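S.K.: Below you will find the structure I want to go over with you.
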């Protein structure tokens, strides 16, 4: 939501679960197999086969996507917070308490 408030539009404008996931990968990069396993440890073989066929995306720099010119002093901190909130691996994702203290 923070990124969307700064961008004034949805960061991941997918219409379905599949298109939403593709939108996320287009910005966050394709999750590694380990990250897939952390997100969904019991991926059915048919789903895994589809995932193996998906195009590989490189992670985009959020500095290029989120207009933060009016944040001058806090730009790095805001981008860092957004990146931590969007981590694929739930174990690496920032908690609500950590975000409040960020």
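Numbering (this note's numbering), first residue to last: 6 to 107.
Don't be surprised by glycine CBs; every beta carbon is placed ideally from N, CA and C.
Treat the numbers as computed from the prediction; the structure is a model and nothing was measured.
(1) Who are the near neighbours of residue 96 in its chain, counting only those whose CB is closer than 7 angstroms to its CB and skipping five residues on each side?
(2) What's the C-alpha gap between residue 104 and residue 74?
(3) At what residue ranges does the region 13–94 contain a whole run of the alpha helix (DSSP H), taking only runs of 4 or more?
(4) Helix, strand or coil, according to DSSP, for residue 97 in the structure here?
(5) Should residue 8 be labelled buried (16 or more other beta-carbon atoms within 10 Å of its own) or exposed?
(6) Using beta-carbon positions only, say whether residue 62 and residue 19 come within less than 7 angstroms of one another.
(7) Near residue 28, which residues of its chain fall below 7 angstroms by C-beta distance, leaving aside the five closest residues on each side in sequence?
(8) With residue 67 and residue 87 assumed to form a contact (beta carbons below 8 angstroms), what rounded beta-carbon distance in angstroms separates them?
(9) Can you tell which of 91, 90 and 38 has the C-alpha that lies nearest to the C-alpha of residue 58?
(10) Using the Cβ count rule (16 or more neighbours within 10 Å means buried), how would you classify residue 11?
M.R.: Quick look at the numbers:
(1) In the chain shown, the residue the question calls residue 96 occupies position 91. For residue 96, where only same-chain residues beyond five positions count, the Cβ hits under 7 angstroms are 43.
(2) Taking the first residue of the chain shown as position 1, residue 104 is located at position 99. Taking the first residue of the chain shown as position 1, residue 74 is located at position 69. Spanning the two alpha carbons is a distance of roughly 22 angstroms.
(3) List check, alpha helix (DSSP H) in window: 22–33, 38–44, 50–58, 67–70 and 80–90.
(4) Counting from one through the chain shown, the residue named residue 97 turns up at place 92. Looking at residue 97 - three-state DSSP - the assignment turns out to be coil, as it is neither helix nor strand.
(5) In the chain shown, the residue the question calls residue 8 occupies position 3. For residue 8, the number of other beta carbons within 10 angstroms of its own is at least 16, and it is reported as buried.
(6) Sequence index remark: in the chain shown, residue 62 carries index 57 (1-based). Sequence index remark: in the chain shown, residue 19 carries index 14 (1-based). Going by C-beta atoms, residue 62 is not nearer than 7 angstroms to residue 19.
(7) Within the chain shown, residue 28 is the residue found at index 23, counting from 1. Excluding its 5 nearest sequence neighbours in each direction, residue 28 has C-beta neighbours in its own chain below 7 angstroms: 17, 18 and 19, listed in chain order.
(8) Reading the chain shown from its first residue, position 62 is the one you call residue 67. Reading the chain shown from its first residue, position 82 is the one you call residue 87. Taking a contact as a CB-CB distance under 8 angstroms, the pair residue 67 and residue 87 counts as one, their CB atoms being some 6 angstroms apart.
(9) In the chain shown, the residue the question calls residue 58 occupies position 53. The shortest C-alpha separation from residue 58 is found at 38.
(10) Start at 1 with the first residue of the chain shown, and residue 11 comes out as number 6. It counts as buried.
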